[in-house]
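Engineer: Numbering-wise (the working numbering), the sequence shown opens with residue 5 and increments by one.
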Amino acid sequence: DTFFLPEYRCGRPKPSNVANISLVSQSGAFAAAISDWTAELGLGVSKLISLGNKCDVDDDDLLCYLANDDSTQVICYYTEGYDQDKGRTFFDTASRVTPHKPVLVVKSGRGQKAKAAASSHTGSLAGSDKVADAAYRQSGVIRVDNFEHMFDAAKALAMQPAAKGDRVLMVTNGGGLGVMTTDALEAAGLAIPSPSKELTQIFKERLPAYCAIGNPIDVVGDANSARYDIVFEEAIKSGEYDMFVVGMLLQTPSLSMEITNVIANHQRQSGLPFVVVSMGGGFTTKAGEIMELMGVPTYATGEKAALAAKGLAQYGEIKYGDKFNKTLVSDKP
């Protein structure tokens, strides 16, 4: 630990037994703040590196190192710009790394004032933001807007397999949560297809008549874990979905902690990515912690869960290339 900052002022994140990210920051002050923040978030962090003005070690050196670090599942960067020659080397390396390990980046310096500030701060050349965007896309690096988005996506990517397509099924026991989360999923560019006629008929035969069958599927407020189990079983068997976002509202006594086992078991058996959104207080927080110990990322809002799902789809497209099942825009509802 070479931060030389007292832990009561700058908390230190701990590695997780489930999944870990590593983060490289060009800003030392940001690195310290992120250390403190992620310690409170409980996000598993393997390495946290302050890169500074890159007078010796640079982005590419650390990318090569972290790509081969078994304790790092996702590589995250904060950068303000690249030297022209070293930047090219970084993107060449990234194109070899990203099919095997996700790389996320927050890059500042979009506007003219920010570019000037970056130059005076670290001596970096922020360069054209459009050029940077193109380089990230070509090399498979996922650019995100801010640290909150980065950590939401990174947690999902560290815990779950990449999605093999963009078709999401939203399952919830709360109609409002389902609608808000579905809005966020659509805004994130994900496909929300309704179940086929065949799958709809199966759901109607196996679920109570007052459940809302569509996408989202609302198993309603008196649902127990068995009702979720039916939806997951039949939807997975149908092959109509690539990913599940699960609304888990635990305020009603009918839904017990058994739901965490149901979700985790279906995720493991299917190999499909699952993301949970669960809003509430202490009991809900505890359930979310249990869920994440089982390897399923859990979020407090539908918007955060949607950004996580988007990250799983973005990386799936990078990892699987032409085999990724990308729904045509015209096919989206």
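We treat Cβ as the ideally placed atom computed from N, Cα and C, and that holds for glycine.
Taking residue 108 as part of the beta strand (DSSP E), name the residues at either end of that continuous run.
Structural biologist: Unbroken beta strand (DSSP E) run through residue 108: 107 to 111.
Engineer: Inspect the beta-carbon positions of residue 316 and residue 158 and report whether they are closer than 8 Å.
Structural biologist: no
Engineer: On the CB-based measure, 16 or more other CB atoms within 10 Å of its CB, does residue 182 come out buried or exposed?
Structural biologist: buried
Engineer: Residues bridged to residue 329 by DSSP?
Structural biologist: Partner(s): 169.
Engineer: For the beta strand (DSSP E) holding residue 79, just list the boundary residues, first then last.
Structural biologist: Looking at the DSSP string, the run of the beta strand (DSSP E) that includes residue 79 is 78 to 83.
Engineer: Among all the DSSP beta bridges, which residues are the ones paired with residue 25?
Structural biologist: 49, 78
Engineer: So what does residue 247 bridge to, in DSSP terms?
Structural biologist: 172
Engineer: State the start and end residues of the unbroken beta strand (DSSP E) segment that holds residue 145.
Structural biologist: Looking at the DSSP string, residue 145 is not in any beta strand (DSSP E), and its letter there is neither H nor E.
Engineer: Are the CB atoms of residue 111 and residue 83 within a distance shorter than 8 Å?
Structural biologist: yes
Engineer: Taking residue 278 as part of the beta strand (DSSP E), name the residues at either end of that continuous run.
Structural biologist: Following the DSSP letters along the chain, one finds residue 278 inside the beta strand (DSSP E) bounded by residues 278 to 281.
Engineer: My guess is that residue 263 and residue 238 are in contact by the Cβ rule of under 8 Å, so how many angstroms apart are they, rounded?
Structural biologist: Between residue 238 and residue 263 the Cβ distance is about 17 Å, and since that is not below 8 Å, they are no contact.
Engineer: Quick check on residue 322: does DSSP put it in helix, strand or coil?
Structural biologist: helix
Engineer: I'd like to check one pair, residue 148 with residue 194: are the Cβ atoms closer than 8 Å?
Structural biologist: no
Engineer: I'd like to know whether the C-beta atoms of residue 246 and residue 169 end up nearer to each other than 8 Å.
Structural biologist: yes
Engineer: Using the Cβ count rule (16 or more neighbours within 10 Å means buried), how would you classify residue 127?
Structural biologist: Legend: pLDDT at residue 127 = 48, less than 50; position of this residue unreliable, no value from coordinates given.
Engineer: Nearest-angstrom Cα distance between residue 125 and residue 140?
Structural biologist: Note on residue 125: pLDDT 47, under 50, position unreliable in the model; the coordinate value appears next. C-alpha separation (whole angstroms): 23 Å.
Engineer: Hey, could you find the ends of the alpha helix (DSSP H) residue 269 is sitting in?
Structural biologist: 262 to 274
Engineer: If contacts are defined as beta-carbon pairs under 8 Å, then residue 176 and residue 285 qualify, I think. What distance do you get, rounded to the angstrom?
Structural biologist: Under the criterion of beta carbons closer than 8 Å, residue 176 and residue 285 do not qualify as touching, at roughly 19 Å.
Engineer: Under 8 Å Cβ to Cβ from residue 187, same chain only, skipping five residues before and after it: list those, please.
Structural biologist: 306
Engineer: Between residue 331 and residue 171, which are expected to be in contact by the criterion C-beta below 8 Å, what is the C-beta distance as a whole number of angstroms?
Structural biologist: 6 Å
Engineer: If you follow the alpha helix (DSSP H) that residue 215 is in, where does it begin and where does it stop?
Structural biologist: Per DSSP, residue 215 belongs to no alpha helix (DSSP H) and is neither H nor E.
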